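This report refers to the structure that appears directly beneath it.
Below, the structure written as structure tokens:
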């Protein structure tokens, strides 16, 4: 049982926000995922809030947590107050400069995000863009950025997501070499994407012999092709700007659609206000261009 409150006034805002998320989601773990914090940090903030109020807000058990009667009464009050504060802030300060943090793997930032940020900046000129490189996919959980550009099939925990582009692979070469691509060595790309063997099986084409170059990054594979080192089974999404500028050419060969794609993801707490929804829509439109 929480001790009687000895403090006056309002508790810290971050305690209230964590309480609202935990109450809405019915889980300290889910609230931690929403805020990008640890479950222990969420639990500590809620204990602090309970001590401040002098009331127990959650019942803890081996099966999880649930709101007490006082917690159920307090939750809608906190939600309405946070909503009013958010809306008032949007109404008063919607034109101020803000910061948008975006994280992604190096190749996705270089080839999918950066070439399209100029269009997004024109649509949202008041935003400062902070880009964070994620060296490996496992490092997304440690990223400070709310927005993630990710590759895969979707379904990353409780994060919301929108598909930017499906992954479609097609043989590509440097400028002027597309017609003779069968005479070029092919670049091997190691990883989870289908390779030349799968391309041949699905399309019914003869599988080309692997050349002397083997890389583990699509960005490096596309660069090797641009440098004339052979033909690559390239990503049409990542190579879009290189194809448009003529630095790469699609070979006269069948393409291979896959079940993967490129996604923009964000925590559920983002995008609730009109302003945030407009920013997400503008970024999605720019990245889909």
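Numbering (UniProt numbering), first residue to last: 1 to 289. Positions of the beta carbon are idealized from the N, C-alpha and C atoms, including for glycine. These numbers were taken from a predicted model, which means no experiment stands behind them.
Of the listed residues the options, nearest to residue i (C-alpha basis)
i           : options               : result
residue 183 : 107, 197 and 208      : 208
residue 178 : 22, 243, 142 and 268  : 243
residue 56  : 279, 46 and 86        : 46
residue 202 : 275, 127, 253 and 108 : 253
residue 35  : 112, 121 and 146      : 146
residue 167 : 54, 37, 288 and 43    : 288
residue 241 : 32, 113 and 64        : 113
residue 229 : 187, 263 and 191      : 187
residue 108 : 262, 275 and 174      : 262
residue 185 : 200, 127, 210 and 268 : 210
residue 305 : 192, 189 and 126      : Residue 305 cannot be examined here, being either before or after the span of the chain that is shown, 1 to 289.
residue 257 : 193, 268 and 223      : 193
residue 48  : 191, 13 and 268       : 13
Separation of residue j from residue i, as counted between CA atoms
i           : j           : result
residue 255 : residue 170 : 4 Å
residue 165 : residue 205 : 25 Å
residue 100 : residue 237 : 23 Å
residue 29  : residue 233 : 41 Å
residue 270 : residue 277 : 8 Å
residue 95  : residue 284 : Caution is warranted here: a pLDDT of 47 is assigned to residue 95, below 50, making its placement in the model unreliable, and the coordinate value is therefore given only provisionally. About 21 Å.
residue 239 : residue 141 : 27 Å
residue 116 : residue 180 : 32 Å
residue 162 : residue 156 : 11 Å
residue 83  : residue 272 : 9 Å
residue 195 : residue 143 : 30 Å
residue 176 : residue 227 : 12 Å
residue 111 : residue 259 : 20 Å
residue 42  : residue 59  : 15 Å
residue 135 : residue 98  : 26 Å
residue 40  : residue 61  : 15 Å
residue 38  : residue 32  : 5 Å
residue 279 : residue 199 : 38 Å
residue 63  : residue 137 : 31 Å
residue 69  : residue 44  : 21 Å
residue 174 : residue 121 : 31 Å
residue 74  : residue 190 : 54 Å
Opposing strand residues paired with residue i [DSSP bridges]
i           : result
residue 44  : According to DSSP, which records beta bridges pairwise, residue 44 is partnered with nothing at all.
residue 229 : Answer by DSSP bridge pairing: none, since residue 229 is not bridged.
residue 170 : 234
residue 263 : 150 and 163
residue 60  : 65
residue 250 : 172
residue 103 : 132 and 148
residue 98  : 127
residue 215 : 189
residue 257 : 168
Check whether residue i and residue j have beta carbons under 8 Å apart
i           : j           : result
residue 266 : residue 158 : no
residue 119 : residue 221 : no
residue 245 : residue 218 : no
residue 231 : residue 251 : yes
residue 106 : residue 52  : no
residue 54  : residue 23  : no
residue 123 : residue 21  : no
residue 172 : residue 249 : yes
residue 66  : residue 9   : no
Proximity test, Cβ basis, 8 Å: residue i and chain C
i           : result
residue 245 : Of the protein chains in the structure, only one exists, and it is not chain C.
Check: residue i C-beta below 7 Å from any heavy atom of the ligand COA
i          : result
residue 67 : The model on display carries no ligand, and the ligand COA is accordingly not part of it.
Is there contact between the region 99-118 and the region 130-147, where contact requires at least three CB pairs shorter than 8 Å?
-> Yes, since at least three Cβ pairs between the region 99-118 and the region 130-147 fall closer than 8 Å, the two stretches touch.
Counting Cβ pairs closer than 8 Å, one from the region 151-166 and one from the region 208-217, do we hit at least three?
-> Short answer: they don't touch.
Counting Cβ pairs, one atom from each stretch, are 3 or more of them under 8 Å apart for the region 8-27 and the region 71-87?
-> Two segments are said to touch when three or more pairs of C-beta atoms, one from each, lie closer than 8 Å; by this definition the region 8-27 touches the region 71-87.
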